[in-house]
Structures are given as C-alpha cells and as structure tokens.
Amino acid sequence: MRTTRKSALIAGAAFAVLFAGACGGGSGAGDASGDSASGGEEAKTIKLVAAEYSKDNTKAFWDAFAKTYKDKTGYTLEVQVVSWDTIDQQSSTMIQNNQAPDILNLNAYASYAKDGLLHDSDAVLPDNVKSDILETFVKYGTYQDKFYGFPDLSSARALFYNADLFKQAGIAAPPKTWAELEDSAKKVAALPGGNAGYALPLGPEESQGEFSMWLFNNGGAWKDGDSWVINSAKNVETLTFLKKLTDAKLTQNNPARTNRADAFDLFKSGKAGMVVGFSPLAGDLDKDKKVNYVVAPFPSNDGSESKTFGVTDYLMAFKKPGNEKAVKAFYELYYQPDQINTFIEKEGFLPVTKTGVEKFQSNAKLKVYLDTLPNAQLTPTDDPAWDKVKLAVQQNLGGAMTGDPKAVLDGLQKTAEASK
Amino acid sequence: MSRTTTRTPRHTSSGYAVGRVRPLVALAWLAPALALIFGVVLFPAVMLFQASRGEYSITGLRKGDAGWANYTKVLEHPDLGTVLTNTVIWVVSVVALTIVISLGLAQFLVKNFPGRRFVRWAIIVPWAASLVITAQLFVLLYDFNYGLINHALKSVGLIETSIDFLGNDSWTMASMVLVGVFVSLPFTIFVFIAGINAIPDDVHEAAVVDGASPWQRWRQVTLPLLRPALLVATVLNVIYVFNSFPIVYTLNDRNPGYLHDTTITFMYKLAFKSQEKDVGMSAAAGVINVLLILLVVAVYLRIVNWREETR
Chain A
9 MRTTRKSALI AGAAFAVLFA GACGGGSGAG DASGDSASGG EEAKTIKLVA
59 AEYSKDNTKA FWDAFAKTYK DKTGYTLEVQ VVSWDTIDQQ SSTMIQNNQA
109 PDILNLNAYA SYAKDGLLHD SDAVLPDNVK SDILETFVKY GTYQDKFYGF
159 PDLSSARALF YNADLFKQAG IAAPPKTWAE LEDSAKKVAA LPGGNAGYAL
209 PLGPEESQGE FSMWLFNNGG AWKDGDSWVI NSAKNVETLT FLKKLTDAKL
259 TQNNPARTNR ADAFDLFKSG KAGMVVGFSP LAGDLDKDKK VNYVVAPFPS
309 NDGSESKTFG VTDYLMAFKK PGNEKAVKAF YELYYQPDQI NTFIEKEGFL
359 PVTKTGVEKF QSNAKLKVYL DTLPNAQLTP TDDPAWDKVK LAVQQNLGGA
409 MTGDPKAVLD GLQKTAEASK
Chain B
1162 MSRTTTRTPR HTSSGYAVGR VRPLVALAWL APALALIFGV VLFPAVMLFQ
1212 ASRGEYSITG LRKGDAGWAN YTKVLEHPDL GTVLTNTVIW VVSVVALTIV
1262 ISLGLAQFLV KNFPGRRFVR WAIIVPWAAS LVITAQLFVL LYDFNYGLIN
1312 HALKSVGLIE TSIDFLGNDS WTMASMVLVG VFVSLPFTIF VFIAGINAIP
1362 DDVHEAAVVD GASPWQRWRQ VTLPLLRPAL LVATVLNVIY VFNSFPIVYT
1412 LNDRNPGYLH DTTITFMYKL AFKSQEKDVG MSAAAGVINV LLILLVVAVY
1462 LRIVNWREET R
C-alpha cells in the first residue's frame, strides 16, 4: 500500500515536471521578451554562434578566444560552433523562439538589420576598429546609412588552371579574354581522357557566386544605384556566353546541376582545365599535391582589367538588454591584429582590415588576391531584398542552360523588384 | 509456475477486485506515457499549428498573425502539383517494390542453408547505417565522372557514355527510388520472416496432402496467412517513406527548383532554401503533410477492413 502510494506520488511529480518542462520550452519566448521590457541590467555572459569554416581550426580558435576574452575583460563568452549546412535553420529557429545569440556569424545581415534586430557600429564597434576595416566592406556592410555588417573574414575569387593540362594542350599563357578562355577550354576538352575545359558550377549551392564573377568581368552588375539591373543586356550576353560554353561541351557534364563542391572535386582530381577558385581551394590543392595548378586573374570579356568577386561573412550583434558593453569588448578583442589575422590565416581566407592587408602582403601565395581585394565587387549584401534574390538565383539560374537566358534573367529581375 | 504468481491478487485486502486498480494508481502508471504524448506529440503539434498561422520575416522573426494566408500561399504554389505527383510516385513505387522484393527474400531467408545467419546480418546493415550516410554513399556510386555504377556499366559494355543518374531528369526519381527500396528492405524482410515463421506447419502439410503445387501453397496458404504482417509492413512503410527526408534531399541537392521534391523536402526548402524562405508557409505545409498522411493511412485501413468484412 505504502509503496503504491509513494510510486503514484513520484510518477505524478515526474509527470508534473515533464509537463511543466514542455510548457517552459514554449514560454521561453515570453520570458525573454519579459527581460527586454525590464532591461537595464548589464549582461555578464554573452553567446556567440559561429559558423564552422573548418573542423580543425574554427572551434579551437573560438575556445581560445573565449578564454582570452574572459581573462582580459571578465565577461564570459559562450561559444556554439554550427556547420554551414544547418546554420540558416538554427539561426532562424533561435530568432523564432526569441533566443537570438548576442553575436551571430553568418553570410548575410541586411534582413536582420531591416527587422531592427541588430546593434549598429555606433553602439558596439570601437571607432579605431571601424576606421581599420577596408572601405569596400564598410560600404557593403551599411544598411540605411548605418554600419551593421561587421566582416569577420573575406575571400576573393580568381581563375585556377591546371598547368599540366594547359601544357599538354599547347596553351602558353592563361586566357586574358573570354574568347581566349573559350579557345583554351576547347583545346583542353579536345585532349584524350575526357577532361572538362572549364568547370562551371551553376547548381543551387552557389550559382550567384559563379555568375557574379562572370558578370562583373563583362562590366555588368546586379544593381545599379537603387535599381536592379539583373536582366540588363550585358548580363544576358554573359549568361548566353555560359550557355554557349555548355552547348559546345567545353564544360563538365550538366553545369546546371553541378554544385561548387563538385566542380572543385573535379579540378582537384585533375580532370578540369579551369575553375573559379579561392584561397581555401588552393589550401586543399597544396595539401593533396596532386594537381599542378596556377592562379591567375579571371579574364574579362574584352580584355580590360580583371575584376574580382569578393565575399565577406559577418559577425552581427543582436540587440539584447544590457549587452552593449560585453559585445563591444568582444569586437575590440576580435579585431586585434593578432586575433583576427590568426583566425583568417588558419582558415585560409583573406583579411578585412587595412592592418591585415599589410600583414598578409608578405605571403606570395595570397598576393594575387590581395592586390584585387580593395577593389573587389560584392553582391548587393547591403540590400535585404538580395537575401531573397540570392535564393531565387540559386534555384533558377541553371535553368538557362536548357532554356532561354533572357527569360531566366527577366524572371529574376521580377523577383528582385517584387521583394522590396 | 509463473502463472500462479501473476494470478495472485494483490489488493484483496483493500477490497479491489482482480484486475482493478484505483484511478490514482492507474494515472501514476499512465503518467510517463501521457507526459510523452503531451511533450513529444501534442505540444509540438500545437506549436506547429501556431507557427502556420503566423507571418514571419525571412530572418525568422514573427511579425504578426497571418490568419490562413500561409495555407493559401502553399495551396496556390505553382509547384505544388509537381511535388504532390512526385510524392505519390515516390511512396507508391518504393513501398510496392519493397514489399514484393521483401516477400521473395523473406521466403528465401526462412529456409535453412549454411551461412544463413550471415546473410541475415548482412541484410540488417543498411538499416543500421544512418540514412544520410547511405544517401551520401549512393551519391558517390551514382557519380557521373567517377561513380562505380557508371564504371561497371561501361566496362561491361552496356553503355557508351556515363549516365547522369542524379542530374538527368528522367533518371533522378528512379535513382532515388532504388535507394529508398534499399533502406526499406531490412525492416520489411524481418517483418515477413516473423510472419512466415508464425504460420503453423500443419497447414502446409495439409496443403501438400491435398496435392497443392508449391505456387498454390504459397498463393493460397502463405500469402493469406501473411495478411497481418503485410498490413503492418505496408502502413509503417508508407509512413516512413512518405516522411523520408535524407534520401530525397541528399540525392536531389544538385537540382534546382522543386522538380524532384516530395512534400517533406518541399516543406524544408520553403523554410530555408527557396526564395520564399518563410517559416510560416513551411509550417502550413507541415500541417497539410500530417493531414495528408493521416488521410492516406485511414483510407488504406478502411479498404483493408472492408475487404475483410465482405469476405
């Protein structure tokens, strides 16, 4: 008797705890907003959600960083490293549940700024840091005259070519114009062994990146001032040229359905003549020591000076009650040359600060990118609409390889104009 | 022995009859299960429904109530027809092929032969491996440039040039179905092995005595007696395959748009990958999904019962 009553009690209690726990999970959102209403109290612990650039380095760096941060400032930094595959999903879930981190590392920021979720530089970025960041990146990090998108690192693209295949095909120098590129691709594709002349990834992973590189080097753009120019004559010409390469079978099989990672794999296995790459690809190639590659500026259509496509990721700061000081201390430490440049060097990317560019000048391998970095063109990351247009491009651009390039770009233009 | 111990009445002193317990005690026993149902089934379902009625920004921020707008947007989505057709093709072909192949293999595996234990173990392996890993493995096998399947087909001389199993629209679904069948086989085979073993030997002997041919014995003795196993295997497989995310998502990740998506991957893409990138719309699609699968299972069970009654 006693035992049954006792177990009933225990089970009942367990039920109550579980049930309350379940409800607590839901009302977490309410709790958090309750905090922000009261406000005032200073946060001693902040949370960073960081993207995983590499298995070996990212977590190690942020753990060491958190320790230094604690020692120097007394604040605690909780670090959560998230893979790129799931970071969109996780950040969206956190914001839905009103549990945004204090600092989030992502490849977009403008939509968050538009939703009024972020601190701008006046609140959390030390002035000397702001003046150290390269102007290009300040420009693309600015939404409605306020700087929200603080870059953590950058990359710039360049043409990688397989020197052995080029030699075998009798090509003396890397192409300077698109006509030369087409010719080189033709010669490489004609070699025995079924090599791709040019590895063209227009699959959904990152087709906006590949297309950016081409369209910038044809004098095109995504946006001109405040208006979208996705379907400009220049861009139609660019996409038509890519279709021509595809139709002539100078690319790998089915470019519309090839993701960037697959194109890189093809180049790494020595079966592609050319590919648009960036410094982490060079790192992999150096590790494998299988392909004799050379990095060159990407050719322009008419032979004019090459333009590069730059990419930055961001460390954005979420507005949470009382977290300004701790967040500011975070940026103060991160942008110390020995911190940020160590991180960038380990991950194999490019600097975002003037001091960083100076520091990396001595590295001969990076020179080809660094020279172009201050003039790099970015996608319009400062426009919240781009966050949607980017996805539309990823899902639709490849369709031009079997369809009409103009119609595809017209469709994207419409999407862009509609998503104000 | 054991029978007598379980039959010993426990509560005779307090006047409760055998098999009866106080309501409070009953609740205590049910509590963990109830807690699970609330925490794991009902609570998320309520949250999903709430999300489906909200208007969300691309960042995931809830901006207000959307009423039924998310549902209308999903139902009016231009690709919904394609997605539903794909789902039907995917579920029907994977489940049908799985059942047919499993019936054959189970029949084979109940026979005694040397090494049977190893074959049975080998069949469990695809079940034990994570679906993402299996799917990724097949991506490599199917690869256009260095995939083993293309290599094998070419060396046998069946094809001249590689087949783009995952990128060519006429092959993609078939390639996915093959993997779907592969991972559904272990569970189904073991359900059938259990079902076949439960059939008493006498009925087979009786059939033999009556002069039934092997095919007649299988068709008119084994198969009808396997009905319960068939029912379980079909319903569970329909639910698993309908809800299967990793295979379709991984094998189809190079293809733009929704050309080969099922309702599950459609829902995911709506939330995170497509230009809509709308959590509310995705939640609405999720609610529609749940209703759809409930409807399918209900209809299936109805048909099966109806047949049983009219026999």
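From first to last, the protein sequence lines stand for chains A and B. Every letter in the first sequence is one number past the one before it in the numbering used here, and letter 157, counting from 1, is 165. Every letter in the second sequence is one number past the one before it in the numbering used here, and letter 242, counting from 1, is 1403. Ideal Cβ positions, reconstructed from N, Cα and C, are used throughout, including at glycine. Since this is a predicted model, take the numbers as computed values, not measurements.
Under 9 Å by beta carbon: chain B residues contacting T101 (chain A): Within the first sequence, numbered from 1, the residue matching residue 101 (chain A) stands at position 93. Simply G1221 and V1440.
Is the region 203 to 216 of chain A in contact with the region 239 to 254 of chain A, if contact means three or more CB pairs nearer than 8 Å? yes
Residue range of the unbroken alpha helix (DSSP H) whose run includes L1191 (chain B): Here the question's residue 1191 (chain B) lines up with position 30 in the second sequence. P1184 to L1197 is the span of the alpha helix (DSSP H), which, as asked, contains L1191 (chain B).
Using only the heavy atoms of the ligand FMN, determine whether one of them is closer than 7 Å to the beta carbon of V1182 (chain B). The model on display carries no ligand, and the ligand FMN is accordingly not part of it.
Going by the CB atoms, is the gap between Y322 (chain A) and F158 (chain A) shorter than 8 Å? Here residue 158 (chain A) refers to the residue found at position 150 when the first sequence is read from its first residue. Here residue 322 (chain A) refers to the residue found at position 314 when the first sequence is read from its first residue. Yes, these two residues count as a Cβ contact at 8 Å.
Using a Cβ-Cβ distance cut-off of 8 Å, determine whether K279 (chain A) contacts chain B. Residue mapping note: residue 279 (chain A) aligns to position 271 of the first sequence, counting from 1. Judged by the 8 Å Cβ criterion, K279 (chain A) is in contact with chain B.
Where K336 (chain A) and L133 (chain A) are concerned, what is the direct C-alpha to C-alpha distance, given to the nearest angstrom? The residue given as residue 336 (chain A) occupies position 328 in the first sequence. The residue given as residue 133 (chain A) occupies position 125 in the first sequence. Going by the C-alpha atoms only, they are around 6 Å apart.
Cβ neighbour criterion (16 or more within 10 Å) applied to V1352 (chain B): Residue mapping note: residue 1352 (chain B) aligns to position 191 of the second sequence, counting from 1. Its Cβ being crowded by 16 or more others within 10 Å, V1352 (chain B) is buried.
Mapping the DSSP letters down to three states, classify L1292 (chain B) as helix, strand or coil. Locating residue 1292 (chain B) in the second sequence gives position 131, counting from the first residue. The answer is helix: DSSP assigns L1292 (chain B) an H, G or I state.
Can you tell me whether G1228 (chain B) is buried or exposed? The criterion is at least 16 other CB atoms within 10 Å of its CB, across all chains shown. Taking the first residue of the second sequence as position 1, residue 1228 (chain B) is located at position 67. Looking at its Cβ environment, which holds fewer than 16 other Cβ atoms inside 10 Å, G1228 (chain B) is exposed.
Can you find the residues in the same chain that come closer than 6 Å, C-beta to C-beta, to G285 (chain A), ignoring five residues on each side of it along the sequence? For the purposes of this step, residue 285 (chain A) is identified with residue 277 of the first sequence, where counting begins at 1. Excluding residues within five positions, the ones whose Cβ falls inside 6 Å are F168.
Pairing CB atoms from the region 298 to 317 of chain A with CB atoms from the region 1336 to 1344 of chain B, are three or more of them under 8 Å? no
Over the uninterrupted beta strand (DSSP E) stretch that includes Q88 (chain A), give me the two end residues. For this step, residue 88 (chain A) is matched to residue 80 along the first sequence. Taken as a continuous stretch (DSSP letters only), the beta strand (DSSP E) holding Q88 (chain A) covers T84 to V90.
Going along chain A in order, which residues have a C-beta closer than 9 Å to the C-beta of P1417 (chain B)? If you number the second sequence from 1, residue 1417 (chain B) lands on position 256. Residues of chain A passing the Cβ test: L210, G211, P212, S215, A264, R265, Q402, Q403, N404, L405, G406 and G407.
Taking the CB atoms as reference points, tell me whether W230 (chain A) and W222 (chain A) lie closer together than 8 Å. Residue mapping note: residue 230 (chain A) aligns to position 222 of the first sequence, counting from 1. Residue mapping note: residue 222 (chain A) aligns to position 214 of the first sequence, counting from 1. Against a cut-off of 8 Å, the Cβ pair of W222 (chain A) and W230 (chain A) comes out as no contact.
L257 (chain A) to V1338 (chain B) span [Cα, whole Å]: Start at 1 with the first residue of the first sequence, and residue 257 (chain A) comes out as number 249. Start at 1 with the first residue of the second sequence, and residue 1338 (chain B) comes out as number 177. The sequence given here has Lys at residue 257 (chain A), not Leu. When rounded, the distance between both Cα atoms is 30 Å.
Taking C-beta pairs closer than 7 Å, name the residues in chain A that G1328 (chain B) reaches, listed in chain order. One-based indexing of the second sequence puts residue 1328 (chain B) at position 167. Those within 7 Å of G1328 (chain B) in chain A are N262 and R265.
Give a yes or no on whether the minimum CB-CB distance between Q1436 (chain B) and chain A is below 8 Å. Mapped onto the second sequence, residue 1436 (chain B) falls at position 275. Taking Cβ atoms only, chain A reaches closer than 8 Å to Q1436 (chain B), which makes this a yes.
Tell me whether the beta-carbon of R431 (chain A) lies closer than 8 Å to the beta-carbon of E213 (chain A). The displayed coordinates of chain A run from 9 to 428. Any statement about residue 431 (chain A) would go beyond what the structure contains.
How should L1456 (chain B) be labelled, buried or exposed, when 16 other C-beta atoms within 10 angstroms of its C-beta is the threshold for buried? Here residue 1456 (chain B) refers to the residue found at position 295 when the second sequence is read from its first residue. Exposed, since its Cβ has fewer than 16 Cβ neighbours within 10 Å.
Have a look at the DSSP bridge pairing and note the partners of Q385 (chain A). Counting from 1 along the first sequence, the entry for residue 385 (chain A) is found at position 377. Paired residue(s): A:F317.
Using the beta-carbon of each residue, which ones in chain B are nearer than 9 Å to Q97 (chain A)? For the purposes of this step, residue 97 (chain A) is taken as residue 89 along the first sequence, with counting starting at 1. Neighbours of Q97 (chain A) on chain B, chain order: Y1429, A1432 and F1433.
First through last residue of the alpha helix (DSSP H) which encompasses P288 (chain A): Residue 288 (chain A) sits at position 280 when you count from the first residue of the first sequence. Element bounds for P288 (chain A): S287 to D296.
Going by the CB atoms, is the gap between K52 (chain A) and Q88 (chain A) shorter than 8 Å? Numbered from 1 along the first sequence, position 80 holds the residue referred to as residue 88 (chain A). Numbered from 1 along the first sequence, position 44 holds the residue referred to as residue 52 (chain A). No, these two residues do not count as a Cβ contact at 8 Å.
Within the same chain, show all residues whose beta-carbon is closer than 7 Å to that of L289 (chain A), passing over the 5 residues directly before and after it, in chain order. Stepping through the first sequence from its first residue, residue 289 (chain A) is reached at position 281. Cβ within range, chain order: F168 and F272.
Checking contacts by CB at 8 Å: is A1446 (chain B) closer than that to chain A? The count along the second sequence starts at 1 and reaches residue 1446 (chain B) at position 285. Chain A contact via Cβ: absent.
Tell me whether F224 (chain A) is buried or exposed, calling it buried when 16 or more other Cβ atoms sit within 10 Å of its Cβ. Stepping through the first sequence from its first residue, residue 224 (chain A) is reached at position 216. Its Cβ being crowded by 16 or more others within 10 Å, F224 (chain A) is buried.
Between which residues of its own chain and Y151 (chain A) is the CB-CB distance below 6 Å, once the five residues before and five after are set aside? Locating residue 151 (chain A) in the first sequence gives position 143, where the first residue counts as 1. So the qualifying residues of the chain are A118, A121 and D390.
As assigned by DSSP and simplified to three states, the class of R13 (chain A): As a position in the first sequence, residue 13 (chain A) is number 5, starting the count at 1. Below a pLDDT of 50, predicted positions are generally treated as unreliable, and R13 (chain A), at 45, falls in that range; the measurement from the model is reported next regardless. The answer is helix: DSSP assigns R13 (chain A) an H, G or I state.
Does Y120 (chain A) come within less than 8 Å of chain B when only Cβ atoms are used? Numbered from 1 along the first sequence, position 112 holds the residue referred to as residue 120 (chain A). Yes, because at least one Cβ of chain B sits closer than 8 Å to the Cβ of Y120 (chain A).
Sub-8 Å separation of L358 (chain A) and L161 (chain A) beta-carbons: Locating residue 358 (chain A) in the first sequence gives position 350, counting from the first residue. Locating residue 161 (chain A) in the first sequence gives position 153, counting from the first residue. In contact: L358 (chain A) and L161 (chain A) (Cβ atoms closer than 8 Å).
So for S41 (chain A), helix, strand or coil by DSSP? The residue labelled residue 41 (chain A) in the question sits at position 33 within the first sequence. At S41 (chain A) the pLDDT is 37, less than 50, meaning the model places this residue with poor confidence and gives no usable figure here.
Per-residue burial, Q216 (chain A) [other beta carbons within 10 Å of its own, 16 or more giving buried]: The count along the first sequence starts at 1 and reaches residue 216 (chain A) at position 208. Classification of Q216 (chain A): buried, given that the 10 Å Cβ count is 16 or more.
Going by beta-carbon coordinates alone, are S482 (chain A) and F306 (chain A) separated by less than 8 Å? Past the boundaries of the shown model lies residue 482 (chain A); chain A is included only from 9 to 428, so the question cannot be answered.
8 Å Cβ cutoff, F1299 (chain B) in contact with chain A: Locating residue 1299 (chain B) in the second sequence gives position 138, counting from the first residue. Not an interface residue.
Is any beta-carbon of chain A found at less than 8 Å from that of S1218 (chain B)? Taking the first residue of the second sequence as 1, we reach residue 1218 (chain B) at position 57. Interface residue, yes.
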